[in-house]
Amino acid sequence: MTTHPNTIYSVIWHHDKVRLIDQTRLPAHYEMVEISRSEDMAKAIKTMIVRGAPAIGVSAAYGMYLGAREIETQNREEFLRQMEKVAKMLRQTRPTAVNLFWAISRMLKTAYETLGTVTEIKEILLETAHQLHKEDLETCIAIGDNGLSALPTTPEKLTILTHCNTGSLATTSYGTALGVIRSAWGENRLLRVYADETRPRLQGAKLTAWECQQEGIPVTVISDNMAAHCMKQGKIDAVIVGADRIAANGDTANKIGTYALAVVSKAHNVPFYVAAPLSTVDFELTDGAKIPIEERDPQELYKIGETVICPAGVDYYNPAFDVTPNEYITAIITEQGAVQPEELIQFAPKINTV
Ligand code: MRU
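Put into structure tokens, the structure is as follows:
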């Protein structure tokens, strides 16, 4: 594990509130937002104050606890009924990242399975949210270690291209794909990161570049349409991306643009890795065709910052994610090891119990 004095924690439990780094304000402003109500947590997830599949999952778990805390009844059945409503509100925030649904289910299951008073259930719910929080960091560190062994052995120092933000901001700390990159940097195996800017919300330019800069990791920002050119020039040794939902056969939904990156990686013989916790795998989906793809506000396309870049009234299509078919993926790096997409299924029984 590589520790660094500038370690970033995107989700913090502090004095009975959740503190989130406001990711809509970076890199210009580093600000924390305090959340003490479940409704505000739902809003924070929807507006992407907090984003990235694992970070959304842990935030939703805390959102479930905040919702539990707001419920006044001491009647167990009524309490559980109201918890279902909190779960429904949180589930409606973002459709693609399965970690959200996974964390909410784990919290609900805990509520149902805890025998005892409503007060006791609330206490256990907070402990469960803390547990998910702790597991997230441990999982990311394991992914980092497993990623290191999966990376190409030559050249000695790799130049790795990544897409979107999959680091400490997208998890609760350390990261998945960026966690592997961080581990490679810690082990002296990284020369440089290339960060796709990641239109339309620019998570690569704004967040990945910021994170790398905070930790002294050499980073070069490129616009999304430069990746093939960089590969053709031999600048890229490997690509590592994260995931929002992986189907049982390894088809992977991730930030829009990932699929194009996978296709150009294959065309240039550049290994293409997906790094994600097993909580991102939806074993109920046999392939990626049924993964729900979030469509977002057209303003994300019409504007860069406050500058309007399209003629008024022009039509739009703004899917936030795409699905990369498994045949483009060299390996999927999880906390249990790096496997070929078709081998992922071996992990199904272990986690499919929520
Ligand atoms: O829309 P976002 O910013 O939440 O999308 C994030 C991504 O697509 C990440 O690559 C993914 O969640 C993995 S984060 C470890």
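First residue of the sequence shown: -6, per my numbering; consecutive thereafter.
In this text, a Cβ means the ideal position worked out from N, Cα and C, and glycines have one as well.
The model shown is predicted, which means the values in this text are computed figures rather than measured ones.
Cβ-heavy atom distance, residue i to the ligand MRU, below 8 Å
i	result
Val316	no
Thr164	yes
Lys199	no
Lys248	yes
Cys157	yes
Asp244	no
Val234	yes
Asp237	yes
Pro20	no
Pro285	no
Ala241	no
Arg12	no
Pro47	yes
Gly298	no
Asn192	In the sequence as presented, Asn is not what sits at residue 192; that position holds Arg. False, no ligand heavy atom lies under 8 Å from that Cβ.
Thr169	yes
Arg84	no
Leu41	Position check: residue 41 holds Met in this sequence, whereas Leu was assumed. At least one heavy atom of the ligand MRU is nearer than 8 Å to the Cβ of Met41, so yes.
Gln196	yes
Arg30	no
Ala135	no
Arg44	yes
Where residue i falls, given that 16 or more other Cβ within 10 Å makes a residue buried
i	result
Val111	buried
Val4	buried
Tyr105	exposed
Tyr309	exposed
Ser142	exposed
Gly60	buried
Tyr58	buried
His222	exposed
Tyr23	exposed
Met41	buried
Thr346	Bear in mind that a pLDDT of 47 at Thr346, under 50, signals an unreliable position, so the number given afterwards is only what the model happens to contain. Label assigned to Thr346: exposed.
Met25	exposed
Thr147	exposed
Gly227	exposed
Val274	buried
Ile297	exposed
Arg18	exposed
Pro193	buried
Close beta carbons around residue i, own chain, < 6 Å, minus the five adjacent residues each side
i	result
Ala135	Glu328
His7	none
Ala352	The first residue shown for the chain is -6 and the last is 347, placing residue 352 beyond what the model contains.
Thr(-4)	In this prediction, Thr(-4) has a pLDDT of 44, which is less than 50 and means its spatial position is unreliable; nothing more can be read from the coordinates.
Asn158	Gln196, Leu200, Thr201
Ile114	Ala104, Thr107
Thr86	Ala35, Ile38, Lys39
Glu27	Lys10, Arg12
Gln206	none
Ala20	For the sequence presented, residue 20 should be read as Pro rather than Ala. Same-chain partners within the cutoff: Lys199, Trp203.
Asn319	Asn242, Gly243, Asp244, Pro334
Limits of the alpha helix (DSSP H) - the one that residue i falls within
i	result
Phe340	That residue, Phe340, is in no alpha helix (DSSP H); it is neither H nor E in DSSP.
Ala21	No alpha helix (DSSP H) contains Ala21, which DSSP labels as neither H nor E.
Val111	111 to 143
Asp265	The identity of residue 265 in the sequence shown is Phe, whereas the question assumes Asp. Where Phe265 is concerned, there is no enclosing alpha helix (DSSP H), although the beta strand (DSSP E) it sits in stretches over 265 to 268.
Arg84	69 to 84
Gly168	Here Gly168 belongs to no alpha helix (DSSP H), and DSSP marks it neither H nor E.
Thr251	251 to 260
Leu162	Unbroken run through Leu162: none, as it is neither H nor E.
Ala61	46 to 63
Residues of its chain near residue i, where Cβ-Cβ distance is below 7 Å and the 5 sequence neighbours each way are ignored
i	result
Arg69	Val111
Ala96	Gly50, Val51, Ala53, Ala54, Leu125
Val257	Ala220, Ala221, Met224
Thr279	Ala240, Ala241, Asn242
Tyr167	Leu130, Cys133, Ile134, Gly137, Ser161, Arg175
Other residues of its chain near residue i: CB distance less than 8 Å, five sequence neighbours each side excluded
i	result
Leu381	Within the shown structure, residues of the chain are numbered from -6 to 347, placing residue 381 beyond reach of any answer.
Gln339	Val332
Pro270	Pro47, Asn92, Asp129, Thr132, Cys133, Ile136, Thr169, Thr327, Glu328
beta-carbon residue i near the ligand SAH non-hydrogen atom, thresh 8 Å
i	result
Ala221	As presented, the structure is devoid of the ligand SAH, carrying the ligand MRU as its sole ligands.
Minimum Cβ-Cβ distance from residue i to chain C less than 9 Å
i	result
Gly137	The question asks about chain C, but that chain is absent: this structure has only one protein chain.
Host beta strand (DSSP E) of residue i (start-end)
i	result
His7	4 to 7
Ile153	151 to 155
Ala331	330 to 332
Arg185	183 to 189
Phe369	Because the chain spans -6 through 347 in this model, residue 369 falls outside it and cannot be assessed.
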